[in-house]
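In what follows, a single structure is set out as structure tokens and then discussed.
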Amino acid sequence: SQQGEEDPQALSIQEGENATMNCSYKTSINNLQWYRQNSGRGLVHLILIRSNEREKHSGRLRVTLDTSKKSSSLLITASRAADTASYFCATTGGSQGNLIFGKGTKLSVKP
Amino acid sequence: SAVISQKPSRDICQRGTSLTIQCQVDSQVTMMFWYRQQPGQSLTLIATANQGSEATYESGFVIDKFPISRPNLTFSTLTVSNMSPEDSSIYLCSVDARFRTGAGYGYTFGSGTRLTVV
């Protein structure tokens, strides 16, 4: 079952603009991760934020976490056409140690 | 970090047939996960495979339909049996490689198998 919701489901922006995606989850977590999926291929890990962290940066990525609201956001600054992909948040809440994924945001960056 | 080789990358199959998907990891891992991603949807766990024991299936998935083998710590297969068009999906394997980068550790995924059943 999905851990939560992501919004927007789809986002279309111009190159150079910032893209913000939001994720909500249902259960308490140790950490929350973000992944990118290009054209229905394998997932690539982008960033992990621990439950005791509020913000984390990696290159053009900025992730925030609000455990009181059970929500996270992923900001991609100065977007590029190559950022076009689907983005998923995930938590390690599965009973087998597996990831539980949000529904994802499909980002389209137009050159 | 672990690297996973997943085969085939895509296939078009006739209904009623079976397809076996392979994942080879370049290091030993305890648990391997198999996910299904239906068109336009998120990932759903099918089962978890440990070496030397029966796979653990999630609700809605059964061994007769999705038999899994895990003969050693670097290899696993998932078979999609008696396929119907509803089985058309992307199938992915994953390991908890716990590799460390500046962005924190994560899980590693195979490149996916895009299955179309006609």
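First to last, the sequence lines map onto chains A and B.
My numbering puts the first residue of the first sequence at 17, with every later residue one more than the last.
My numbering puts the first residue of the second sequence at 193, with every later residue one more than the last.
Note that beta-carbon positions come from the ideal geometry of N, C-alpha and C, so glycine has one too.
From a predicted model like this one, the values you see are computed outputs, not experimental measurements.
Contact between the region 111 to 122 of chain A and the region 68 to 82 of chain A is not established, with fewer than three Cβ pairs separated by less than 8 Å. About 18 Å separates the beta carbon of B:Ile204 from that of B:Leu270, a gap too long to meet the 8 Å contact definition.
Taking a contact to require three or more Cβ pairs closer than 8 Å, the region 271 to 282 of chain B and the region 89 to 104 of chain A do not qualify as touching.
Counting C-beta pairs closer than 8 Å gives three or more between the region 49 to 59 of chain A and the region 98 to 118 of chain A, which meets the contact rule. Within the region 261 to 287 of chain B, Ile282, Leu284 place their CB atoms closer than 7 Å to a CB of chain A, listed in sequence order. About 16 Å separates the Cβ atoms of B:Phe301 and A:Gly118, ruling out a contact at the 8 Å cut-off.
Put simply, the CB of A:His73 is far from chain B, with every gap to its CB atoms at 7 Å or more.
Under a criterion of Cβ atoms nearer than 9 Å, the residues of chain A adjacent to B:Ser303 are, in order, Arg57, Gly58.
By the criterion of a C-beta distance shorter than 6 Å, B:Phe267 is surrounded in its chain by Gln216, once the five residues flanking it on both sides are discounted.
B:Met275 and A:Ile92 have their alpha carbons spaced roughly 40 Å apart. Under the Cβ distance rule, A:Asn54 does not count among the residues neighbouring chain B, no pair being separated by less than 7 Å. Under the three-state reduction of DSSP output, B:Glu278 falls in the helix class. Annotated as distal: A:Pro127 and A:Glu33, with beta-carbon spacing of 7 Å or more. Under DSSP, A:Lys72 shares a beta bridge with A:Val79. DSSP places B:Ala247 in the coil class of the three-state scheme, outside both helix and strand. Of the candidates A:Asn114, A:Met37, A:Arg70, A:Thr108, the residue whose Cα lies closest to the Cα of A:Ser44 is A:Thr108.
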